[in-house]
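Below you'll find the structure, written out as structure tokens, and then a few comments.
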Amino acid sequence: MNSLPAGILIHYLANHPHHVHTCATWEHQEWGMGGGRTMDDALASYTGSRRDRLPLTLLACGANDDLLGMVSLWASDCPLRPDITPWVASLYVAPNGRGQGIGTYLFERIQEEARRLGITRLHLMTQHSDAVYAAQGWKIFERIDGPGSMRDAVLMFKVP
Numbered sequence: 001m002n003s004l005p006a007g008i009l010i011h012y013l014a015n016h017p018h019h020v021h022t023c024a025t026w027e028h029q030e031w032g033m034g035g036g037r038t039m040d041d042a043l044a045s046y047t048g049s050r051r052d053r054l055p056l057t058l059l060a061c062g063a064n065d066d067l068l069g070m071v072s073l074w075a076s077d078c079p080l081r082p083d084i085t086p087w088v089a090s091l092y093v094a095p096n097g098r099g100q101g102i103g104t105y106l107f108e109r110i111q112e113e114a115r116r117l118g119i120t121r122l123h124l125m126t127q128h129s130d131a132v133y134a135a136q137g138w139k140i141f142e143r144i145d146g147p148g149s150m151r152d153a154v155l156m157f158k159v160p
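Note that full-length UniProt numbering has the sequence shown beginning at 1, numbered continuously upward.
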């Protein structure tokens, strides 16, 4: 696994609930506004975050507990495919955290969490990064064209 820069720590959102609003805001601004998902929907997703079952969100925090990034495991992330579970969702790194390997580390670490929970197959949805994920062993299983963040989306899977 890649290493994190000095001073950056990974935490469970369940242990740092004061970051719920920031996580929900990031998610809503990045993916939610065009797909009919409200800020209240986003808040509900993160308020229920756990350590030992889904939903689970990991945080990357810097000095003074500054939030730099997040990634989640959710039971559902694609309303067009409610039959498929679970999903890697909401991989996001704040502008001040980019270029340091935080996103790569979070992505690897959430796959470790999936293994720890006994998950045998993970899914993700992307609009622009399928080549990046394919290079890491993810396989395309479907292309969809839904509203908002699901427009021209690629659905991928991997055994963690």
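For glycine and all other residues, C-beta sits at the position ideal for the given N, C-alpha and C.
These numbers were taken from a predicted model, which means no experiment stands behind them.
Straight-line measurement puts the Cα of L9 at about 26 Å from the Cα of T126. Where A131 is concerned, the enclosing alpha helix (DSSP H) starts and stops at 130-134. In the three-state reduction of the DSSP assignment, L122 falls in the strand class. C-alpha of F141 to C-alpha of V154: approximately 8 Å in a straight line.
Counting only unbroken stretches of 4 or more residues, the alpha helix (DSSP H) elements lying wholly within the UniProt domain "N-acetyltransferase" (10-160) are 20-27, 39-47, 102-116, 130-134, in sequence order.
One thing to note: V88 has its Cβ no nearer than 8 Å to the Cβ of L67. Here E112 is exposed. Its C-beta has fewer than 16 other C-beta atoms within 10 Å. Under the 10 Å beta carbon count, V132 is surrounded by fewer than 16 other beta carbons and is classified as exposed.
Out of D83, N2, D52, the CA that lies nearest to the CA of R115 is found in D52. Taking 8 Å as the cut-off, the beta carbon of A42 is found no closer than this to the beta carbon of E30.
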